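This report concerns only the one structure given below.
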Amino acid sequence: MLEKTRGIALKVTNYSENSVVAQIYTEKFGLQSYLINGAKKPKAKIHINMLQPLHLLDMVVYYKDSGTLQRIKEATASPVLQQIPLDVAKSSVAIFLNEILYKVLKIQQPDPYLYEFIQQSILWLDKTHTAIHNFHLCFLMKLSRFLGYMPSADKGDKPFFDLVEGIFTHTPPPHTFMLQEPHTSMFQAILHVPYEESHTIQMKHEDRIYLLEQIINFYKLHTDNFGSVNSLEILEEIFH
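Under UniProt numbering, the first residue of the sequence shown carries the number 1, and numbering increases by one thereafter.
Here's what the structure looks like:
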């Protein structure tokens with residue numbers, strides 16, 4: 001059955017000499033695996049360059065409700081990303097977010113609101129001319145709301161954040177998975193700031209690395225089989 005859907009390219013795996021399997025997060029069907037024949041050929045109808053991390057697609061697909069490899073009839077970049085493929089910092093952020101998204105979207109059902117959030121976040125990253133050194137932190141915490149474990153309560157005067165329970169507390173929890181000041185206040189700022197103002201959060205490089213590592217721990221605690229994040233070192237180096 002032919003269906004139209006928007007999609008976000010996440011991962012490409014070689015299938016044969018000229019063909020690939022593309023993992024694409026679709027608006028209608030969630031994460032799907034598509035066999036794309038001839039994607040590496042110079043005149044391919046759907047070229048592998050269209051499937052780079054976080055590239056946005058309009059697609060016409062053959063959909064089978066069987067969980068097997070699907071096929072794409074047509075795909076166009078929509079819109080074409082301008083800065084992410086060319087800007088080293090933005091492409092590094094895209095690779096990192098791409099790795100996180102692939103991990104968490106494998107277990108998510110189709111969600112048009114989640115899809116729209118991810119697409120609008122990608123477009124903001126692509127177009128912005130403001131500093132993006134805090135963008136990935138803000139994205140991860142905004143994303144956690146759609147995954148069901150974003151902290152809901154305000155910090156107030158509570159100096160600790162319990163990563164296991166996802167709450168701010170007056171006293172340290174009985175384990176080591178926690179934030180304390182000054183990182184609790186930085187974390188609180190990240191939770192609520194819009195992307196447009198994320199560059200105004202002041203923190204040292206080592207604080208940003210520490211917070212990112214703790215946010216990833218937060219994801220690990222709340223996502224089954226999350227595993228390690230291979231692109232973390234690249235990101236830390238870019239924003240040194």
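Glycine is no exception: its CB is placed at the ideal position from the N, C-alpha and C atoms. Just so you know, these numbers come straight off a predicted model, no measurement behind them.
{"Item": "In three-state terms, what does DSSP make of residue 58?", "Value": "strand"}
{"Item": "By how many angstroms is the C-alpha of residue 54 removed from the C-alpha of residue 223?", "Value": "21 Å"}
{"Item": "Which one of 25, 52, 17 and 49 has the shortest CA to CA distance from residue 37?", "Value": "17"}
{"Item": "Using a Cβ distance threshold of 8 Å, determine whether the segment 107-114 contacts the segment 168-177, with at least three qualifying pairs required.", "Value": "no"}
{"Item": "According to DSSP, is residue 113 helix, strand or coil?", "Value": "helix"}
{"Item": "Rounded to whole angstroms, what's the CA-CA distance from residue 82 to residue 124? Just pull it up for me.", "Value": "11 Å"}
{"Item": "Could you name the residues of the same chain whose beta carbon sits closer than 8 Å to that of residue 113, not counting the 5 residues immediately before and after it, in chain order?", "Value": "146"}
{"Item": "Do the CB positions of residue 50 and residue 5 come within less than 8 Å of each other?", "Value": "no"}
{"Item": "So what's residue 135 in DSSP terms, helix, strand or just coil?", "Value": "helix"}
{"Item": "Note down the Cα distance separating residue 242 from residue 184, rounded to an integer number of angstroms.", "Value": "One cannot answer for residue 242 here, as it falls past the ends of the chain, which runs 1 to 240."}
{"Item": "Report back the beta-carbon spacing between residue 170 and residue 155 to the nearest angstrom; my notes put them in contact at under 8 Å.", "Value": "So it is not a contact: roughly 11 Å between Cβ atoms."}
{"Item": "Taking C-beta to C-beta, are residue 218 and residue 163 nearer than 8 Å?", "Value": "yes"}
{"Item": "In terms of residue numbering, what span does the beta strand (DSSP E) encompassing residue 13 cover?", "Value": "2-14"}
{"Item": "What did DSSP end up calling residue 239 once you bin it into helix, strand or coil?", "Value": "coil"}
{"Item": "Can you look up residue 201 in the DSSP assignment and give me helix, strand or coil?", "Value": "coil"}
{"Item": "Going straight from the alpha carbon of residue 128 to that of residue 90, what length do you get?", "Value": "10 Å"}
{"Item": "Return the CA-CA distance between residue 186 and residue 166, expressed in angstroms with no decimal places.", "Value": "16 Å"}
{"Item": "Between the C-alpha atoms of residue 86 and residue 172, what's the straight-line distance to the nearest angstrom?", "Value": "44 Å"}
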